[in-house]
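Undergrad:
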Amino acid sequence: MPKFTKSIEVELTIDELAEAFSDLSGEDQAGFLKKVVSIAGSWGGDAGTQWHYMGTHLRIHSARHAVEMLRSILESATQE
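Numbering-wise, the sequence shown is residues 4 to 83 according to our numbering.
1) Tell me the rounded alpha-carbon separation between Thr16 and Val39.
2) What separation, rounded to the nearest whole angstrom, lies between the Cα atoms of Leu27 and Pro5?
3) With C-beta atoms as the reference, is Gln32 less than 9 angstroms away from Ala43?
4) Gly29 by DSSP, collapsed to three states: which one?
5) Find out if the Cβ-Cβ distance for the pair Ala69, Leu61 is shorter than 9 angstroms.
6) Judging by CA-CA distance, which residue of Leu36, Ala66 and Met57 is the nearest neighbour of Ile76?
So this is what it looks like as structure tokens:
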């Protein structure tokens with residue numbers, strides 16, 4: 004039987020994406036973040052600039068809890 008590829012475009016809100024991420028296991032959440040880094044590496048530019056702008060948005064919009072989450076992830080990831 005021939006194989007066909009079908010693509011559909013689905014618009015998701017930030018709330019829906021956040022809920023889907025939250026429903027993942029810790030291992031799958033880590034895999035998701037690794038995939039984000041991998042995709043960002045394919046942009047051809049410096050992904051660090053994007054991370055800088057994201058950090059700026061978190062600071063400007065008083066997203067203290069998100070910053071605390073990222074700090075906790077970093078601390079856990081860098082413990083020996």
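Quick reminder that beta carbons are idealized off the backbone N, C-alpha and C, glycines included.
TA: Quick answer:
1) Their Cα atoms are separated by approximately 18 angstroms.
2) 34 angstroms
3) no
4) helix
5) yes
6) Looking at the Cα atoms, Leu36 is the closest of the given residues.
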